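S.K.: One structure, as structure tokens, below. Some questions next.
Chains as they are written, first to last, in this note's numbering: chain A, 1240 to 1512; chain B, 655 to 972.
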């Protein structure tokens, strides 16, 4: 099985729409847009960054169908590749917008998938977040020379910086898996018992591990020292309940000073209601 | 600072030894970069405690989950006594009709019974998934697993039940490698774990149990549940709210059994941060299952309670 690696999967996109270019140009003149809350804004500032602007990227991708064997659990590698490439495209376009702005990174990244009535078998993948730039003049570009991305909130971003780590990139891995239907004879054979079904156990284990190991590979390419906040999402999208996408997402981080400057938490008692 | 490197008793839910790790898992676990399912605040608190995340570890078990055992749907119509005699022991309680007549409609017998075969299957599924997660952690040379999350859910529409464990394996910074013991585990992470350790409790293992009680309603329970008492059943006629004795007892029994099962796993340690979930499912009219799950952290006291600093009163502006 071939892993959809980022190099193979991601076409280079240098094709910002005209309106985007115009908006970004305005942003360069000091007016910024951001979807950070006031508290997040303050904490991003406190961490030594200022927001440059709201950046986004999208990709409408046709997700084909793939034949599958009714009674066999297997990865649907074409679908996996489609789901991966589409997200990676959206992310790359967002990073490009951030690069236009001369940003060091993008915080609060969200990745969404939308389905429209007009789009048979296709889906829109969007990535958006707030581009930020360091105030100390140092470059925070990641190992690939691109702005870092992260799905951390402003609060989490600040906390992470205090632990002596900097984000490198939002890393992900995905695996679309078909869960076998059980044949009636199999079901009848074990009727009357509650027993483990080792085939199912192994299939699910493998599906999740494939997603996670792909995510780990992305972190490896960024020379990250680790991944925090790993989430495992499971969605059937529009494929019916036996086909599941396992998506692993997390923020790759690198240790910088190794010095934890986080003050000891104070216990408080709230006098509010 | 407590010594979190110490190995603990081979604790945790009972289950068979785990199988082989898939190829992808081995590759991921060998990678240089750590992975952790911790949120950033929990990650920060974990570093503060001197714990270093090693890897996100997981374990699975898919169980066929039919109700084919004694007392299942297709055995309806059998006398509850036949079930009780083959039911494999455990809690049971019978109820007898006070009316003294027999008809096809009238349920002359009723029974509450523990379903040990369901509990055994749950324990096997939960225990196997847990053992597999711990096996991953042991392979990583971890001292413990924090922020454990377990999910029990139905797999697609196959009617099978999947047990899934996730947790973050951690090593104690600069600590000795674990001396062949089993890594400890806890549902807690972040400040909650810090506070629990500050309070003098060392994590041992997550513990959980299921108690499953089947309720076969007899005539009185049926009438009460349908609010029909008072419709002319002679001396039993009454109005207003009334205790449905059989169902109340079943609920109490389910909770007591769950506590008993967990206590058996504690072996003298303490239980903290317990949560109890009760799910009831009606299989047919007058035939109900009460499933009670109790989860918690088995902890061991290693020092006296060390009071935390007095909290500072705060008022949030806006």
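Each residue gets a CB set at the ideal place from its N, CA and C atoms; glycine is no exception.
Predicted model only: the values in this text are computed from it and were never measured.
Could you tell me whether any Cβ in chain B is nearer than 7 angstroms to the Cβ of residue 1280/A?
M.R.: no
S.K.: Enumerate in chain order the residues of its own chain whose CB-to-CB distance from residue 1251/A is below 6 angstroms, with the five nearest sequence positions on each side excluded.
M.R.: Residue placement at residue 1251/A is flagged as unreliable, the pLDDT there being 49, under the threshold of 50; the coordinate-derived value follows with that caveat. Within the same chain, residue 1251/A has no close Cβ partners at all.
S.K.: Around the C-beta of residue 961/B, are 16 or more other C-beta atoms found within 10 angstroms, so that it is buried, or is it exposed?
M.R.: Burial state of residue 961/B is exposed, judged by a 10 Å Cβ sphere holding fewer than 16 other Cβ atoms.
S.K.: Classify residue 1285/A as buried or exposed, calling it buried when 16 or more other Cβ atoms lie within 10 Å of its own Cβ.
M.R.: Residue 1285/A comes out exposed.
S.K.: Taking a Cβ distance cut-off of 9 angstroms, strictly less, list which residues of the stretch 1498 to 1511 of chain A are near chain B, in chain order.
M.R.: 1499, 1501, 1503, 1504, 1505, 1506, 1507, 1508, 1509, 1510 and 1511
S.K.: Short of 8 angstroms in beta carbon distance, which residues of its chain neighbour residue 1501/A, apart from the five on each side in sequence? Order them along the chain.
M.R.: 1398, 1401 and 1402
S.K.: Taking the alpha carbon of residue 1327/A as the point to measure from, which residue in 1273/A, 1342/A, 1475/A and 1300/A has its own alpha carbon closest?
M.R.: 1300/A
S.K.: Using the C-alpha atoms, what's the distance from residue 1379/A back to residue 1491/A?
M.R.: 14 angstroms
S.K.: Report the neighbours of residue 769/B on chain A: residues whose CB is nearer than 8 angstroms to its CB, in chain order.
M.R.: By Cβ distance, chain A contributes nothing, its closest Cβ being about 10 angstroms from residue 769/B, past 8 angstroms.
S.K.: Does residue 1466/A come out as helix, strand or coil in the three-state DSSP assignment?
M.R.: strand
S.K.: Chain B beta carbons: is any one of them nearer than 7 angstroms to that of residue 1197/A?
M.R.: Missing from the structure shown is residue 1197/A; chain A here goes from 1240 to 1512 and no further.
S.K.: Name the chain A residues whose beta carbon is nearer than 7 angstroms to that of residue 922/B?
M.R.: By Cβ distance, chain A contributes nothing, its closest Cβ being about 31 angstroms from residue 922/B, past 7 angstroms.
S.K.: Could you pull the DSSP bridge partners for residue 680/B from this structure?
M.R.: DSSP lists no partner for residue 680/B.
S.K.: Helix, strand or coil: which one does DSSP assign to residue 780/B?
M.R.: helix
S.K.: Going by C-alpha to C-alpha distance, which of 965/B, 803/B, 909/B and 903/B sits closest to residue 865/B?
M.R.: The residue among 965/B, 803/B, 909/B and 903/B with its C-alpha nearest the C-alpha of residue 865/B is 909/B.
S.K.: For a test of the three-state rule: what should DSSP assign to residue 970/B, helix, strand or coil?
M.R.: coil
S.K.: Return helix, strand or coil for residue 797/B, following the three-state DSSP convention.
M.R.: coil
S.K.: Have a look at residue 1489/A and residue 710/B and give me their C-alpha separation to the nearest angstrom.
M.R.: Cα to Cα, the separation comes out at about 11 angstroms.
S.K.: Please list the partners that residue 1447/A has in chain B, where partner means a Cβ-to-Cβ separation under 7 angstroms.
M.R.: The answer, in chain order, is 712.
S.K.: Spell out whether any CB of chain B is found under 7 angstroms from the CB atom of residue 1455/A.
M.R.: Put simply, the CB of residue 1455/A is near chain B, with a gap under 7 angstroms to one of its CB atoms.
S.K.: Output needed in chain order: residues of the stretch 1434 to 1445 of chain A with a Cβ under 9 angstroms from some Cβ in chain B.
M.R.: If the cut-off is 9 angstroms between Cβ atoms, the stretch 1434 to 1445 of chain A has 1434, 1435, 1436, 1437, 1438, 1439, 1440, 1441, 1442, 1443, 1444 and 1445 near chain B.
S.K.: Measure the CB-CB distance between residue 1371/A and residue 1288/A and report whether it falls below 7 angstroms.
M.R.: yes
S.K.: Let me confirm a value: residue 933/B is counted as buried when at least 16 other C-beta atoms fall within 10 Å, else exposed. Which label applies?
M.R.: Counting other Cβ atoms within 10 Å of its Cβ, residue 933/B stays below 16 and is therefore classed as exposed.
S.K.: By DSSP, does residue 888/B sit in helix, in strand, or in coil?
M.R.: At residue 888/B the pLDDT is 48, less than 50, meaning the model places this residue with poor confidence; the figure from the coordinates comes in the next sentence. DSSP places residue 888/B in helix when its eight states are reduced to three.
S.K.: Can you list the beta strand (DSSP E) stretches of 3 or more residues lying completely in the stretch 686 to 720 of chain B, in chain order?
M.R.: 705 to 717
S.K.: In angstroms, rounded to a whole number, what distance separates the CA positions of residue 728/B and residue 1507/A?
M.R.: Reliability fails at residue 728/B, whose pLDDT of 39 lies under 50, so the model's placement of it is uncertain and the value that follows must be treated cautiously. The straight-line gap from Cα to Cα measures roughly 58 angstroms.
S.K.: Which of the three DSSP states, helix, strand or coil, is assigned to residue 1353/A?
M.R.: The answer is strand: DSSP assigns residue 1353/A an E or B state.
S.K.: Measuring only the C-alpha atoms, how far is residue 1377/A from residue 1342/A?
M.R.: Between the alpha carbons of residue 1377/A and residue 1342/A lies a gap of roughly 12 angstroms.
S.K.: Let me see if you follow: with CB-CB separation under 7 angstroms, is residue 832/B close to chain A or not?
M.R.: no
S.K.: Tell me the DSSP secondary structure of residue 837/B in three-state form.
M.R.: DSSP places residue 837/B in the coil class of the three-state scheme, outside both helix and strand.
S.K.: Given a cut-off of 7 angstroms, decide if residue 1393/A and residue 1499/A are closer than it, judged by their beta-carbon atoms.
M.R.: Their beta carbons are not under 7 angstroms apart, which means residue 1499/A does not touch residue 1393/A by this criterion.
S.K.: Determine the extent of the alpha helix (DSSP H) in which residue 1396/A is found, giving its start and end residues.
M.R.: 1393 to 1401
S.K.: Could you tell me the boundaries of the beta strand (DSSP E) in which residue 946/B lies?
M.R.: Counting along the chain, the beta strand (DSSP E) containing residue 946/B begins and ends at 941 to 955.
S.K.: Distance check for residue 783/B and residue 619/B, CA to CA, integer angstroms please.
M.R.: Nothing about residue 619/B can be reported from this structure: the residues present for chain B run from 655 to 972 only.
S.K.: With distances taken Cα to Cα, identify the nearest neighbour of residue 1382/A among 1494/A, 1351/A, 1367/A and 1261/A.
M.R.: 1494/A
S.K.: Taking any Cβ of chain A, which residues in the stretch 777 to 795 of chain B have a Cβ under 9 angstroms from it, in chain order?
M.R.: 778, 779, 782, 783 and 786
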